[in-house]
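In full-length UniProt numbering, the protein residues as written are 1 to 266.
Below you'll find the structure, written out as structure tokens, and then a few comments.
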């Protein structure tokens with residue numbers, strides 16, 4: 001009941017508050033209820049309204065797009081044993097991925113449901129070159145229906161330029177159009193997802209898309225958006241090869257016609 005007692009100054013004198021005029025028991029109950037509301041809000045709502053500082057201005061460079069990543073299941077795989085406790089395995093291609101999608105294309109933000117004291121040293125190990133610009137942890141999530149939800153509206157960024165990669169649909173149910181949902185990595189060593197994901201993200205960035213949600217809407221139709229992207233790239237490559245072959249055939253035909261006409265004139 002310490003929190004329910006009236007506040008005191010440094011000398012131990014009681015400081016009057018909004019409950020001081022009430023009977024002692026009622027005042028204690030009201031203060032207790034107020035503290036309960038405060039801690040409930042502390043657990044359920046992000047720790048601050050603006051999770052990221054304002055975008056950089058000249059002479060500094062602000063990448064045109066923001067890439068938000070869940071750490072666990074996307075970049076690392078947690079594994080627990082009696083001998084070692086919790087350990088986090090680095091996904092194949094992490095170094096390549098961060099180098100390919102970092103500035104000048106994307107501002108990279110880790111937004112994870114893990115606690116800060118767990119995630120911070122893991123990110124330090126994953127990103128020795130400093131491609132990741134910001135780190136957001138569980139205290140920055142919104143607790144809803146038993147799940148830690150990442151509220152992208154608190155990022156202080158234009159959502160038309162934000163892509164969020166996660167495996168858990170409940171994590172992005174407030175802004176599903178900004179999400180690229182991948183399968184959760186299970187720790188297999190032959191995984192190539194991050195290489196393909198880097199190609200997809202670079203394709204979006206280099207195309208200078210005005211609103212990334214129009215692209216993500218398309219890929220949200222597929223259970224495996226990376227596979228869909230690769231299939232699309234394969235089809236475009238085949239079409240380009242066919243176009244080049246047709247042009248080559250037309251040029252050969254024109255050259256043959258020209259030669260025939262020249263011979264006839266002689």
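The beta carbon of each residue, even a glycine, is placed where N, CA and C say it ideally should be.
Limits of the unbroken alpha helix (DSSP H) element including residue i
i: residue 116; result: 116-126
i: residue 79; result: Premise fails: residue 79 lies in the beta strand (DSSP E), 76-81, not in any alpha helix (DSSP H).
i: residue 95; result: 94-101
Contact under 8 Å by Cβ, residue i with residue j
i: residue 99; j: residue 202; result: no
i: residue 216; j: residue 178; result: yes
i: residue 94; j: residue 52; result: no
i: residue 173; j: residue 209; result: no
i: residue 219; j: residue 228; result: yes
i: residue 180; j: residue 162; result: no
i: residue 212; j: residue 160; result: yes
i: residue 182; j: residue 74; result: yes
i: residue 195; j: residue 96; result: yes
i: residue 175; j: residue 152; result: yes
CA-to-CA distance, residue j to residue i, given in whole angstroms
i: residue 58; j: residue 129; result: 23 Å
i: residue 86; j: residue 78; result: 7 Å
i: residue 123; j: residue 235; result: 37 Å
i: residue 143; j: residue 91; result: 28 Å
i: residue 189; j: residue 89; result: 10 Å
i: residue 158; j: residue 62; result: 13 Å
i: residue 60; j: residue 135; result: 20 Å
i: residue 13; j: residue 121; result: 44 Å
i: residue 193; j: residue 225; result: 11 Å
i: residue 168; j: residue 126; result: 21 Å
i: residue 140; j: residue 114; result: 10 Å
i: residue 116; j: residue 137; result: 5 Å
i: residue 48; j: residue 133; result: 18 Å
i: residue 207; j: residue 244; result: 22 Å
i: residue 230; j: residue 84; result: 38 Å
i: residue 171; j: residue 147; result: 7 Å
i: residue 119; j: residue 56; result: 25 Å
i: residue 240; j: residue 112; result: 40 Å
i: residue 221; j: residue 247; result: 35 Å
i: residue 81; j: residue 232; result: 41 Å
i: residue 71; j: residue 184; result: 11 Å
i: residue 50; j: residue 214; result: 25 Å
i: residue 223; j: residue 250; result: 41 Å
i: residue 238; j: residue 191; result: 26 Å
Residue interval of the beta strand (DSSP E) (run including residue i)
i: residue 136; result: 132-136
i: residue 107; result: 106-111
i: residue 88; result: 85-90
i: residue 67; result: 65-69
i: residue 166; result: 162-166
i: residue 48; result: No beta strand (DSSP E) holds residue 48; DSSP gives it neither H nor E.
i: residue 22; result: Here residue 22 belongs to no beta strand (DSSP E), and DSSP marks it neither H nor E.
i: residue 60; result: Careful: residue 60 lies outside any beta strand (DSSP E) and carries neither H nor E.
i: residue 142; result: 142-144
Distance cut-off 7 Å: residue i Cβ against heavy atoms of the ligand GTP
i: residue 172; result: Only the bare structure without any ligand can be found here, which leaves the ligand GTP out of the picture.
Check: Any contact of the region 60-72 with the region 101-110, i.e. 3+ C-beta pairs under 8 Å?
Finding: Enough Cβ pairs lie closer than 8 Å, so yes.
Checklist line | alpha helix (DSSP H) segments (min. 4 residues) lying fully within the region 182-246 | finding: Runs found: 193-206, 212-219.
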